[in-house]
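Encoded as structure tokens, the structure appears first; notes follow it.
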Amino acid sequence: MSTHATTKSGGYQHAHHFSSGLAEFEAAKQGMWLFMVTEVLMFGGLFVAYAMFRSMYPEMFNEASKLLSWKLGATNTVILLLSSWTMVRAVTAAQRKNKESILLWLAFTFLFSCGFLVVKYFEYTAKIHHGLLPAGFFTATDFAQSATQVVEKAPLFFSLYFVMTGLHAFHVIVGMGLMIWLAKRAINDEFSTGYFTPVELVGFYWHFVDMVWIFLFPLMYLVG
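So for the sequence shown, the numbering used here puts the first residue at 781; every next one is plus one.
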């Protein structure tokens, strides 16, 4: 059951303090957009730092990025693009009050998310094994045969790599938790043609997570 009292007006289910389901959806959507603005500001600061340091040490960024597997990065890009499509299907199913389809497409999206994290696990473990770590933890001093400065500044690249991709992975995990929450609500038949706001807003969030990766992939994996 829903955690807050709901009423129906014109066929729309909504919280009692809203005049209609549409009013509730518009308010929730505006709140989600405000949340997205804070997310853009957070990731935006990291992208600005990336741009600054890349302009200062272009040779180092080119050499260090070659140590990332663009094939694994491309695999995760495909996985997230597919997960965006399955999330859209879940939203459509919620709009049509098709519980079985909601659960099916949420399950697919969840599995794609698991696949993304599995790929990141293999990436991270490989970097840890070879000492390609942030800041003072960096030990792979022989990865570049060119200028000494490239080797000395390489920890900076991997600091940005782990912070940016790690923060993104955290958002993926949060999204997976939200999918479980939606699945529980779908099982309780809480969504209908007049009330699917939670599914649509989680969809907004998930598309944002995918969009961030679309920027991360070329900046980290293809810059070299």
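Positions of the beta carbon are idealized from the N, C-alpha and C atoms, including for glycine. The model shown is predicted, which means the values in this text are computed figures rather than measured ones.
Supposed contact pair residue j and residue i - C-beta distance, whole angstroms, cut 8 angstroms
i: phenylalanine 971; j: alanine 874; result: 5 angstroms
i: leucine 886; j: alanine 963; result: 5 angstroms
i: threonine 866; j: phenylalanine 896; result: With 8 angstroms as the limit, threonine 866 and phenylalanine 896 do not qualify as a contact, their Cβ atoms being about 13 angstroms apart.
Residue i, DSSP secondary structure in three states
i: tyrosine 837; result: coil
i: leucine 821; result: helix
i: valine 1003; result: coil
i: leucine 913; result: coil
i: tryptophan 813; result: helix
i: lysine 846; result: coil
i: phenylalanine 918; result: coil
For residue i, the residue or residues it bridges with in DSSP
i: serine 972; result: Tyr975
Limits of the alpha helix (DSSP H) - the one that residue i falls within
i: glycine 895; result: 879-909
i: leucine 862; result: 850-875
The ligand PLP heavy atom lying under 7 angstroms from the CB of residue i
i: leucine 999; result: You won't find the ligand PLP in this model; it holds no ligand whatsoever.
message: Pairs of beta-carbons, one from the stretch 843-859 and one from the stretch 892-908, closer than 8 angstroms: are there three or more?
response: yes
message: Pairs of beta-carbons, one from the stretch 825-841 and one from the stretch 933-949, closer than 8 angstroms: are there three or more?
response: yes
field: Inter-stretch contact (C-beta, 8 angstroms, three-pair minimum) for the stretch 937-948 and the stretch 973-984
entry: no
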